[in-house]
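*Asks:* For the sequence shown, UniProt numbering begins at 1 and goes up steadily by one.
Note that the Cβ used here is the ideal one computed from N, Cα and C, for glycine as well.
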Amino acid sequence: MKLVFFGEDTFSAHVVESLIFDGHQIMAVFCPMYQNHIHARLELICKKHQIEFYRVNDINSTDNEAIIKSLKPELIVVCHFEKVLKKNIINIPLLGCINLHPSLLPHYRGLSPQHWPIINGDDETGITVHFINEGIDTGNIILQQKIKIEPDMHVASLQQKMLATYKHIVKDAIELIMAKKITPVLQNPSEGSYYGKLQETQCNIELQKGCDAAYNLIRGVSEPYYGAQLNGYKIRSAIKASKALNNEIQTKYGANNLYLDADLGMLIKFSDGSLIVNKYSKINN
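1. Which runs of the alpha helix (DSSP H) fall wholly inside the UniProt domain "Formyl transferase N-terminal" (50-169) and span at least 4 residues, in chain order?
2. Assess contact between the segment 87-97 and the segment 117-128, defined as three or more Cβ pairs (one per stretch) separated by less than 8 angstroms. Is contact present?
3. Name the residue from K47, Y34, I51 and I249 whose alpha carbon lies nearest to the alpha carbon of L3.
4. Rounded to whole angstroms, what's the CA-CA distance from R55 to Y194? Just pull it up for me.
5. Taking the alpha-carbon positions, what's the A173 to H37 distance?
6. Within 10 angstroms of the Cβ of S242, are there 16 or more other Cβ atoms? Answer buried if so, exposed if not.
7. Three or more C-beta pairs under 8 angstroms: does that hold for the segment 231-246 against the segment 259-277?
8. Using alpha carbons as the reference points, say which of P32, K181 and I45 lies closest to V16.
9. For N278, report the span of its alpha helix (DSSP H) as first-last.
10. According to DSSP, which residues form a beta bridge with S222?
11. Below 7 angstroms CB to CB, which residues in the same chain sit around I20 once its five sequence neighbours on both sides are set aside?
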């Protein structure tokens with residue numbers, strides 16, 4: 001199938017590779033003009049396979065619209081592309097536009113959907129491939145796959161687990177479209193949830209929310225991301241104290257706070273538990 005691809009990072013690159021391997025003809029890849037090197041692997045794959053690679057400021061511009069129309073794609077495939085498509089782009093391909101979204105829609109529409117389920121303490125998330133409409137992640141669902149979030153799973157581990165699904169779920173969705181075997185599931189825009197992009201200001205540990213909330217935040221924003229923050233430190237990794245150890249900590253220390261213990265190292269005391277910090281760094285102001 002003749003495809004145009006929109007993406008911007010390593011996850012996008014893996015999907016492009018899977019589509020090439022599956023025999024699809026990728027006419028061009030479009031990537032936002034960010035001031036970083038997040039696109040490097042994606043661009044390298046395009047060069048290797050002689051695929052036109054465009055870095056653009058506005059994907060919906062008339063210039064980009066003209067380029068895409070000239071390519072006559074049957075389908076536009078989107079993966080990890082933060083820009084919202086407008087009707088002039090959505091209506092170009094014969095079979096529409098599809099998007100890989102790393103959550104179980106209609107839950108966690110929007111940005112940072114790999115982080116929020118961990119932060120919120122969910123035990124399950126997933127991946128959705130859906131048609132794109134003018135809403136944000138509100139189009140009809142083609143395929144979904146559930147993924148279990150283990151109790152001690154950090155965001156990087158979840159992403160690696162998801163990557164195994166990335167490598168086949170878009171191909172599977174395209175096969176269903178080509179065979180005309182899809183039964184799209186309509187989303188109700190009023191159901192589910194929407195989250196914005198995770199900001200560093202949302203990574204502060206709030207002691208009054210308790211041990212579980214802090215532990216979930218640490219797991220959800222851990223490396224390679226911001227890290228949870230408390231009292232001038234970035235908390236990268238921690239474990240929950242056992243019942244016996246927590247009793248010892250509760251007896252030894254008064255106020256809920258971060259402490260540097262001579263025997264245990266860094267620890268965080270809450271009213272309902274304690275965390276032993278095993279990886280942290282000082283924030284340089």
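*Replies:* Based on what the coordinates show:
1. 62-71, 87-90 and 116-119
2. no
3. What you label residue 3 is simply residue 3 of the sequence shown in a count that begins at 1. Minimum Cα distance to L3 is reached at I51.
4. Reading the sequence shown from its first residue, position 55 is the one you call residue 55. Reading the sequence shown from its first residue, position 194 is the one you call residue 194. Rounded to the nearest angstrom, the two C-alpha atoms are 28 angstroms apart.
5. Against the sequence shown, residue 173 aligns to sequence position 173. Against the sequence shown, residue 37 aligns to sequence position 37. Going by the C-alpha atoms only, they are around 29 angstroms apart.
6. In the sequence shown, the residue the question calls residue 242 occupies position 242. Classification for S242: exposed.
7. yes
8. By 1-based counting over the sequence shown, the position of residue 16 is 16. Comparing Cα-Cα distances from V16 to each of P32, K181 and I45, the minimum goes to I45.
9. Position 278 of the sequence shown holds residue 278. First-last for N278: G273 to K282, but that is the beta strand (DSSP E), not the alpha helix (DSSP H).
10. Here the question's residue 222 lines up with position 222 in the sequence shown. Looking at the DSSP assignment, S222 forms no beta bridge with any residue, so it has no partner.
11. By 1-based counting over the sequence shown, the position of residue 20 is 20. Contacts found: I26 and H49.
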